[in-house]
Amino acid sequence: MIAKFGTFLKKHFLPILGVIVIAIGVVFVNASHHETTAKAGRTPIVFWHEMGGPAEQALDKMVKSFNQSQDKYEVIPQYEGSYDEAVQKIIQSHGTSASPALFQSFDISTAQMMHSKYTTPVQKFIDEEHYDTSDISPVARSFYSNKGQQLALPFNTSQPVLYYNATLLKKYGITPPSKSPSYSEITRIAKQLYEKSHHQVKGMTMEIYGWLLEEALANDKTSLINHGDGHTGNPTKISVNNPNTVKFLKWIRTNIKSGDFVNYGSGASAETNEIAAFLAGKLGIFVQSSAYIGQLTTGNKNELGISYFPHPDGTKANGVGIGGAALWISNDKPEKVQKGAFEFIKYAENAKNQANWQVATGYLALNKNSQKEKVLQDLYKKIPAARVPGEQLASAKPNNANSGILMEGMQLTRELEETAMETVYNGGNINSALTTADKAMNANLQTTNKANGR
199 MIAKFGTFLK
209 KHFLPILGVI
219 VIAIGVVFVN
229 ASHHETTAKA
239 GRTPIVFWHE
249 MGGPAEQALD
259 KMVKSFNQSQ
269 DKYEVIPQYE
279 GSYDEAVQKI
289 IQSHGTSASP
299 ALFQSFDIST
309 AQMMHSKYTT
319 PVQKFIDEEH
329 YDTSDISPVA
339 RSFYSNKGQQ
349 LALPFNTSQP
359 VLYYNATLLK
369 KYGITPPSKS
379 PSYSEITRIA
389 KQLYEKSHHQ
399 VKGMTMEIYG
409 WLLEEALAND
419 KTSLINHGDG
429 HTGNPTKISV
439 NNPNTVKFLK
449 WIRTNIKSGD
459 FVNYGSGASA
469 ETNEIAAFLA
479 GKLGIFVQSS
489 AYIGQLTTGN
499 KNELGISYFP
509 HPDGTKANGV
519 GIGGAALWIS
529 NDKPEKVQKG
539 AFEFIKYAEN
549 AKNQANWQVA
559 TGYLALNKNS
569 QKEKVLQDLY
579 KKIPAARVPG
589 EQLASAKPNN
599 ANSGILMEGM
609 QLTRELEETA
619 METVYNGGNI
629 NSALTTADKA
639 MNANLQTTNK
649 ANGR
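Each residue of the sequence shown is one higher than the last, beginning at 199 in the numbering used here.
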């Protein structure tokens, strides 16, 4: 009976239901924000973001500084929850009085934002003002660009790096990894640490995380998706079952079989457990976001070592893509409001503010001139290894493989990548796991393209 009623409702009342859902969404968005007005004579710039904790405090400080630096605009920051939650609110509220003028949206939502037609590409203002973007990391900029047009500018940015316990390696007389290590180099260190500690310390781990698999392909100059990972045309095929994915998973399988590898699974609990084991001296090596440097150095009596993301033997590192989010401008606001949003973006990208942002949050300073700022120089004196993630970012030359994946539906794609990784970690056949993932990914891509008329 319930199923029949559901079919009837879907058939006869779907259009009305859609209107109701949108209305509720808009009401929710309006209800979630207290009415905030700018000071007299200033143009308000409502800014939606997803920064919590120390990052939100740092962002509020930056906004306050911008507001005090001029008297034309007033940026009003508003926290909107997680990345996924915020994207839905942005889409639902567009075209209403509740929508933001400026918003933060995460990396894998780039294609969705581009296809929505809800934003004004920052290229418009870059061209009008002859704004020089050359000081901002080319690899970070390339993630949020398409066919020579800058869609948004990167803001909170991280990269995956390899962390190692330098104190433990010294204790057991093990040569640390080079700045840009190969797979076999990391295997050697992990095995030596496991054996020399009499199996008291696990050599390494690699979280079951689709982002890390994608970064392994990027560093091997391999596209996951056709048309240059979506940068030269709309994606129509995904190929996770390729020789270089197999190479990456075989490397991990080698360490699993040797016993030096520990599997913490996926998600927030995996990250919590690997960090806890690392800080306790029970784990020697792991790969994770550069944003964890602060957490790994606060109260840690061991010396932290950092190197670049590993690359396959016999292959030069291509560089990895970024993680994080960018700043976008809504196109449903008046021209003067959009100009105000761009003024804040420029302010956020300047050398001093990017340096302060890195020190306060762990995200990378994207302006190359930030490296001259005293606050960053002081950080490097205190934590020499903190230089490495920025050097990795600066050393890479942007190309389609390391500029991120421009495709809608990346959330599900990552879930399927992680299912394949988990199967392999648990002893399953690599080719079988990747073939299964390929089929499911491509089926979802075809559905997405069909739904969007592409």
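By construction, the Cβ of each residue, glycine as well, lies at the ideal position given by its N, Cα and C atoms.
Nearest-angstrom Cα separation, counted from residue j out to residue i
i: V535; j: W555; result: 25 Å
i: P275; j: T318; result: 20 Å
i: E383; j: L367; result: 14 Å
i: N597; j: T430; result: 11 Å
i: P242; j: A236; result: 5 Å
i: K389; j: S456; result: 7 Å
i: G426; j: S395; result: 45 Å
i: N363; j: F446; result: 23 Å
i: K345; j: T365; result: 46 Å
i: A618; j: G371; result: 36 Å
i: R451; j: D530; result: 51 Å
i: G250; j: K315; result: 28 Å
i: R585; j: V573; result: 13 Å
i: V261; j: P252; result: 14 Å
i: V622; j: H328; result: 50 Å
i: S437; j: N453; result: 25 Å
i: A631; j: K435; result: 18 Å
i: T646; j: A638; result: 12 Å
i: E248; j: K595; result: 29 Å
i: P433; j: K648; result: 12 Å
i: E326; j: N640; result: 40 Å
i: F542; j: R386; result: 48 Å
i: L477; j: K369; result: 16 Å
i: V557; j: V285; result: 27 Å
i: L422; j: S593; result: 22 Å
i: Y342; j: T331; result: 13 Å
i: E620; j: D636; result: 15 Å
i: G626; j: A475; result: 26 Å
i: N624; j: K499; result: 34 Å
Same chain only: Cβ atoms within 8 Å of residue i, ignoring 5 sequence neighbours per side
i: N442; result: A414, L415, D418, T420, P510
i: D633; result: The residue you asked about is not Asp; residue 633 is Thr in the sequence shown. N439.
i: E272; result: A236, K237, R240, T241, P242, I243, N265
i: N548; result: N565
i: K480; result: Q398, V399, K400
i: S376; result: E383, S505
i: P358; result: W409, L410, E413, V485, Q486, S487, S488, F507, V518, G521
i: K448; result: I628
Proximity below 7 Å, CB of residue i to CB of residue j
i: G517; j: N440; result: no
i: S280; j: S487; result: no
i: E412; j: A468; result: no
i: E571; j: K550; result: yes
i: T403; j: Y490; result: no
i: K351; j: L525; result: The sequence as given places Leu at residue 351; Lys does not occur at that position. Closer than 7 Å, so yes.
i: L610; j: N642; result: yes
i: F484; j: E472; result: yes
i: L300; j: A546; result: no
i: S340; j: L591; result: no
i: E606; j: Q310; result: yes
i: A256; j: T559; result: yes
i: Q575; j: A563; result: no
i: V460; j: I628; result: no
Assumed close pair residue i, residue j - CB separation to whole angstroms, cut-off 8 Å
i: E278; j: W246; result: 5 Å
i: I520; j: V337; result: 7 Å
i: G651; j: T308; result: Rounded, the Cβ-Cβ distance is 19 Å, inconsistent with contact.
i: G503; j: P374; result: 6 Å
i: Q321; j: Q348; result: 4 Å
i: K537; j: F304; result: That belief does not hold up - the Cβ atoms of K537 and F304 are roughly 25 Å apart, past 8 Å.
i: H313; j: S528; result: In fact, because the Cβ distance is near 15 Å, the residues do not count as touching under 8 Å.
Proximal residues to residue i (C-beta, below 6 Å), its chain only, five neighbours per side dropped
i: M608; result: I306
i: N655; result: Outside the displayed range of the chain (199 to 652) lies residue 655, so it cannot be described from this structure.
i: G408; result: R612, E615, E616
i: D333; result: N565, K566, N567
Residues of its chain near residue i, where Cβ-Cβ distance is below 7 Å and the 5 sequence neighbours each way are ignored
i: P508; result: L360, P379, S380, Y381, I384
i: Y392; result: V399, K400, G401, G457, D458
i: A583; result: L502, G503, I504
i: A515; result: S378, N417, Y506, H509
i: G465; result: none
i: Q493; result: I473
Check: What are the complete alpha helix (DSSP H) segments, minimum 4 residues, inside the stretch 403-444?
Finding: Counting whole runs of 4 or more residues, the stretch 403-444 contains the alpha helix (DSSP H) stretches 408-417, 424-427.
Let me know the alpha helix (DSSP H) ranges lying completely inside the stretch 225-279, each 4 residues or longer, listed in chain order.
-> Runs of alpha helix (DSSP H) with 4 or more residues, each lying fully within the stretch 225-279, are found at 251-267, listed in chain order.
query: Residue ranges of each beta strand (DSSP E) run of no fewer than 3 residues wholly in the stretch 501-542, ordered along the chain?
result: Entirely contained in the stretch 501-542, the beta strand (DSSP E) runs reaching 3 residues are, in chain order, 502-505, 521-527.
At what residue ranges does the stretch 315-403 contain a whole run of the alpha helix (DSSP H), taking only runs of 4 or more?
-> List check, alpha helix (DSSP H) in window: 321-327, 336-341, 364-369, 381-394.
| query | Could you give the uninterrupted runs of the beta strand (DSSP E) lying entirely in the stretch 443-505, keeping only those of 3 residues or more? | reply | Counting only runs of 3 or more residues that sit fully inside the stretch 443-505, the beta strand (DSSP E) segments are 481-487, 502-505, in chain order.
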